[in-house]
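S.K.: Here the protein sequences come in this chain order: A and B. FYI, in the numbering used here the residues of the first sequence are 1 to 105. FYI, in the numbering used here the residues of the second sequence are 1001 to 1408. Just so it is clear, CB atoms sit at the ideal spot from N, CA and C, and this is done for glycine as well. Here you go, one structure.
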Amino acid sequence: MSGNWVEVCAADEIDEEDVIRFDHDGRTFAVYRSPDDEYYATDGLCTHEHIHLADGLVMDDIIECPKHNGRFNYKTGQAKGAPVCVNLKTYPVKVEAGSVFIALG
Amino acid sequence: MGSIVIVGAGECGARAAFALREKGYDGKITLIGAEPHLPYERPPLSKDGLKAEVPPKYVADAERYAAAGIEVLTDTPVMAIDRGEKRVTLADGSSIAYDRLLLTTGARARTIAGIDEAARRIRTLRTHADAEEIRRELSPGRKLAIIGGGFIGLELTATARRLGAAVALIEGLPRILSRGVPEEIAAVVAARHHAEGVDIRCGAKIERIEADGSCARVVLAGGETIEADLAVVGIGAVPNTEIAAVAGLSIENGIAVNATLQTSDPDIYAAGDCCSFPLCHYGDRRIRLEAWRNAQDQGTLVAGNLLGAGEAITSLPWFWSDQYDLTLQIAGLAEGATTIVRRELGDDAFILFHLDDTGRLLAASGIGPGNAVARDIRLAEMLIAAGKRPDPQALISPETKLKALLAA
């Protein structure tokens, strides 16, 4: 199911405890680097309104929507309370030869 | 068991109702609102909610209330609070008993004394029904006279222009957004509206507003008359305090509550637009906020306090406005600032940081396309809440990450 690996960027293009937006094939994703230097990916738009999460703030394992402060755990996609109640879809991520890849199902 | 009654079914009341369940309360919850709809979000009413005939953006659908065991009474004005009997009285004369009562009665649009509110050519914008009425006039060839250069008036102006209607915006003060928005940012907003062809009149004194079946006329001091298909009055909001006042609760620019959002009656709490509260981080000065996030924050906090948590509100004022592709965000209160420094974020986005004479950060206000300022405003909010005195040069420098200042 994780057959379709897509290259996102060089691993050092994402700061620790930060996020970037990644658009691919008409879809948009948010790709994260955690404070403990692991990489994660979720759908790029908040489930409350269509806002790019990559403009938001990463604190520990939480991404906060820049518009209305809806919070998600970006490692699991779990919505952390109002105004968001629908979880984010997450995607497998790997780092190989200094580049970040996500698996699009 | 027990019974908690929430009077006022907007963002704050709905949030409190769900938060009661999230915090483990298993008694009866009755959420009572005067409007015909389930609680909905008001921010879209001046923005995307005006662009097409859409249902309100509900906070939650009927299934979620049912699943949480929250009884919602719509179309049900509450007429009185009987504090002795601990009951609220409804319009049909029936009453509902409470152990604890939460007032989230919100605010209503302020209007101009003496204008004929029954005239369909003069409106205010507060409810979904108001938005439906106003939307009919938002098309090419129509003209709006918008009275008041605050967030509501300007957002409505931007939406009207997007839909092709002409707008004359009439502001009594020398500039738009004089309440709480720095002049430098208001100037960016004004320039953008000018570029979109909006006729902005600042320092205008309105002599009278007339309306008939087809037209509204705003007559200015000096004799000039602005004719429009519709006049919309956007001059702020008035807290709904009447039933609280009649019940003898303390009122002070809103239903007066302490830091735990408790009114002068220990069994009654108030939250959101309707209440004034002591503002932490700013010397506990009493303030009333008309803001979506405040409604959420206070709704969540008050739920715990209705159950005995006794927790004080510590969140900061936070506002945003969307106009065209611009978003403005403000965290904190800039009043009393002696130093303002500017941080450029690129793409015409910038943030102003407001510091007091001890160097403490009081507020941050930013504007830019899309959500360009959001992340730094959020970090600024954390710096303010932490009582930080960041180096102004570091705030200015784009090389300094605000997150680093937070850790410092």
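Let me confirm a value: Ala1091 of chain B is counted as buried when at least 16 other C-beta atoms fall within 10 Å, else exposed. Which label applies?
M.R.: One-based indexing of the second sequence puts residue 1091 of chain B at position 91. So Ala1091 of chain B ends up on the exposed side.
S.K.: Using a Cβ-Cβ cut-off of less than 7 Å, list which residues of the region 1151-1171 of chain B approach chain A; keep chain order.
M.R.: So nothing in the stretch comes that close.
S.K.: Could you give the C-beta distance for Arg1389 of chain B and Thr1358 of chain B, rounded to a whole number, given that I count them as a contact under 8 Å?
M.R.: Counting from 1 along the second sequence, the entry for residue 1389 of chain B is found at position 389. Counting from 1 along the second sequence, the entry for residue 1358 of chain B is found at position 358. About 7 Å; that satisfies the 8 Å criterion.
S.K.: With a floor of 3 residues, list each beta strand (DSSP E) that falls wholly inside the region 1274-1342 of chain B, ordered by position along the chain.
M.R.: If we require 3 residues or more, the beta strand (DSSP E) runs fully inside the region 1274-1342 of chain B come out as 1275-1279, 1285-1287, 1318-1323 and 1326-1332.
S.K.: Apart from the five residues on each side of it in sequence, which residues of its chain come closer than 7 Å, Cβ to Cβ, to Glu1227 of chain B?
M.R.: Reading the second sequence from its first residue, position 227 is the one you call residue 1227 of chain B. Result list for Glu1227 of chain B: Cys1215 and Arg1217, in chain order.
S.K.: How is the beta strand (DSSP E) around His1354 of chain B delimited, first residue to last?
M.R.: Working through the second sequence from its first residue, we reach residue 1354 of chain B at position 354. Ala1349 to Leu1355 is the extent of the beta strand (DSSP E) around His1354 of chain B.
S.K.: DSSP on Thr1124 of chain B, reduced to helix/strand/coil?
M.R.: What you label residue 1124 of chain B is simply residue 124 of the second sequence in a count that begins at 1. Note: Thr1124 of chain B maps to strand in three-state DSSP.
S.K.: Distance cutoff 9 Å, beta carbons only. Does Gln1298 of chain B sit that close to anything in chain A?
M.R.: Numbered from its first residue, the second sequence carries residue 1298 of chain B at position 298. False, the Cβ-Cβ gap to chain A never drops below 9 Å.
S.K.: What does Phe1277 of chain B touch in chain A if you count any residue whose Cβ is under 8 Å from its own?
M.R.: By one-based count along the second sequence, residue 1277 of chain B stands at place 277. Those do not exist, as Phe1277 of chain B stays about 20 Å from chain A at its closest Cβ, beyond 8 Å.
S.K.: Do you know whose CA, among B:Arg1375, B:Asp1348, B:Pro1369 and B:Ala1385, lies nearest Ala1363 of chain B's CA?
M.R.: Walking along the second sequence from the start, residue 1363 of chain B turns up at place 363. Ranking the options by Cα distance to Ala1363 of chain B, first place goes to B:Ala1385.
S.K.: Name the DSSP beta bridge partners of Gln1262 of chain B, please?
M.R.: Locating residue 1262 of chain B in the second sequence gives position 262, counting from the first residue. BP columns for Gln1262 of chain B point to B:Tyr1269.
S.K.: Got a sec, what are the start and stop residues for the alpha helix (DSSP H) Cys1215 of chain B sits in?
M.R.: Residue numbering aside, residue 1215 of chain B sits at position 215 when the second sequence is read from its first letter. No alpha helix (DSSP H) contains Cys1215 of chain B, which DSSP labels as neither H nor E.
S.K.: CA-CA distance, Ala1052 of chain B and Arg1135 of chain B?
M.R.: One-based indexing of the second sequence puts residue 1052 of chain B at position 52. One-based indexing of the second sequence puts residue 1135 of chain B at position 135. Distance between the alpha carbons of Ala1052 of chain B and Arg1135 of chain B is about 8 Å.
S.K.: Could you list the residues in the region 29-57 of chain A with a C-beta less than 8 Å from some C-beta on chain B, going in chain order?
M.R.: Listed by position, the residues of the region 29-57 of chain A near chain B (Cβ gap below 8 Å) are Ile51, His52, Asp55, Gly56 and Leu57.
S.K.: In terms of residues, what are the limits of the alpha helix (DSSP H) holding Tyr39 of chain A?
M.R.: Sequence index remark: in the first sequence, residue 39 of chain A carries index 39 (1-based). Tyr39 of chain A -> not in any alpha helix (DSSP H); beta strand (DSSP E) instead, spanning Tyr39 to Asp43.
S.K.: How should Pro1239 of chain B be labelled, buried or exposed, when 16 other C-beta atoms within 10 angstroms of its C-beta is the threshold for buried?
M.R.: Indexing the second sequence from 1 puts residue 1239 of chain B at position 239. Answer is buried; the Cβ neighbour count reaches 16.
S.K.: Using the beta-carbon of each residue, which ones in chain B are nearer than 9 Å to Glu96 of chain A?
M.R.: In the first sequence, counting from the first residue as 1, residue 96 of chain A sits at position 96. Within 9 Å Cβ-Cβ: nothing; Glu96 of chain A doesn't reach chain B, min ~28 Å.
S.K.: Would you kindly work out how many angstroms separate the C-alpha atoms of Val8 of chain A and His24 of chain A, rounded to a whole number?
M.R.: Stepping through the first sequence from its first residue, residue 8 of chain A is reached at position 8. Stepping through the first sequence from its first residue, residue 24 of chain A is reached at position 24. Approximately 9 Å between the Cα atoms of the pair.
S.K.: Just verifying my parser: in three-state terms, what is the DSSP assignment at Val1094 of chain B?
M.R.: Taking the second sequence and counting its residues from 1, the one referred to as residue 1094 of chain B is at position 94. As written in the sequence, residue 1094 of chain B is Ser, which differs from the Val given in the question. Note: Ser1094 of chain B maps to coil in three-state DSSP.
S.K.: To the nearest angstrom, how far is it from the Cα of Pro1182 of chain B to the Cα of Tyr1269 of chain B?
M.R.: Counting from 1 along the second sequence, the entry for residue 1182 of chain B is found at position 182. Counting from 1 along the second sequence, the entry for residue 1269 of chain B is found at position 269. Going by the C-alpha atoms only, they are around 34 Å apart.
S.K.: The region 1372-1406 of chain B: which residues have C-beta closer than 7 Å to a C-beta of chain A, in chain order?
M.R.: Residues Ala1374, Arg1375, Arg1378 and Leu1379.
S.K.: Could you tell me how far apart the beta carbons of Thr1111 of chain B and Thr1124 of chain B are, in whole angstroms, since I believe they sit closer than 8 Å?
M.R.: Position 111 of the second sequence, counting from 1, holds the residue named residue 1111 of chain B. Position 124 of the second sequence, counting from 1, holds the residue named residue 1124 of chain B. Going by Cβ atoms, the distance from Thr1111 of chain B to Thr1124 of chain B rounds to 6 Å, so yes, they are a contact pair.
S.K.: What residue range does the beta strand (DSSP E) around Arg21 of chain A cover?
M.R.: Taking the first residue of the first sequence as 1, we reach residue 21 of chain A at position 21. Asp18 to His24 is the span of the beta strand (DSSP E), which, as asked, contains Arg21 of chain A.
S.K.: Give me whichever residues DSSP pairs with Gly1368 of chain B in a beta bridge.
M.R.: Working through the second sequence from its first residue, we reach residue 1368 of chain B at position 368. Paired residues: B:Thr1327.
S.K.: Under 9 Å between the Cβ atoms of Val6 of chain A and Ile102 of chain A?
M.R.: For the purposes of this step, residue 6 of chain A is taken as the residue at position 6 of the first sequence. For the purposes of this step, residue 102 of chain A is taken as the residue at position 102 of the first sequence. Yes; because the gap between Cβ atoms is below 9 Å, this pair is in contact.
S.K.: Could you tell me which residues DSSP pairs with Tyr1040 of chain B in its beta bridges?
M.R.: Taking the second sequence and counting its residues from 1, the one referred to as residue 1040 of chain B is at position 40. Answer is B:Tyr1058, bridged to Tyr1040 of chain B.
S.K.: Have a look at Leu993 of chain B and Pro1174 of chain B and give me their C-alpha separation to the nearest angstrom.
M.R.: Past the edges of chain B, shown from 1001 to 1408, lies residue 993 of chain B, and the structure says nothing about it.
S.K.: Run the CB neighbour count on Glu1171 of chain B, radius 10 Å, all protein chains shown included, and call it buried at 16 or more, exposed below.
M.R.: Counted from its first residue, the second sequence places residue 1171 of chain B at position 171. With 16 or more Cβ atoms within 10 Å of its Cβ, Glu1171 of chain B is classed as buried.
S.K.: Tell me the rounded alpha-carbon separation between Gly1141 of chain B and Ala1349 of chain B.
M.R.: Walking along the second sequence from the start, residue 1141 of chain B turns up at place 141. Walking along the second sequence from the start, residue 1349 of chain B turns up at place 349. Rounded to whole angstroms, Gly1141 of chain B to Ala1349 of chain B spans 33 Å at the Cα level.
S.K.: Mind checking the region 1336-1347 of chain B against chain A and listing, in chain order, the residues whose C-beta falls within less than 7 Å of any C-beta there?
M.R.: Listed by position along the chain: nothing, the set is empty.
S.K.: Are the region 1146-1163 of chain B and the region 1185-1199 of chain B touching, with three or more C-beta to C-beta distances below 8 Å?
M.R.: Because the criterion of three Cβ pairs below 8 Å is met, the region 1146-1163 of chain B and the region 1185-1199 of chain B touch.
S.K.: Using DSSP with H/G/I as helix, E/B as strand and the rest coil, what is Thr1157 of chain B?
M.R.: Counting from 1 along the second sequence, the entry for residue 1157 of chain B is found at position 157. The answer is helix: DSSP assigns Thr1157 of chain B an H, G or I state.
S.K.: So if I threshold CB-CB distances at 8 Å, which residues from the region 56-77 of chain A count as touching chain B?
M.R.: Those would be Gly56, Leu57, Glu64, Pro66, Lys67, His68 and Asn69, in chain order.
S.K.: Spatial neighbours of Trp1318 of chain B within its chain, please: C-beta separation below 6 Å, excluding the five flanking residues on both sides.
M.R.: Here the question's residue 1318 of chain B lines up with position 318 in the second sequence. Excluding residues within five positions, the ones whose Cβ falls inside 6 Å are Arg1293 and Ala1331.
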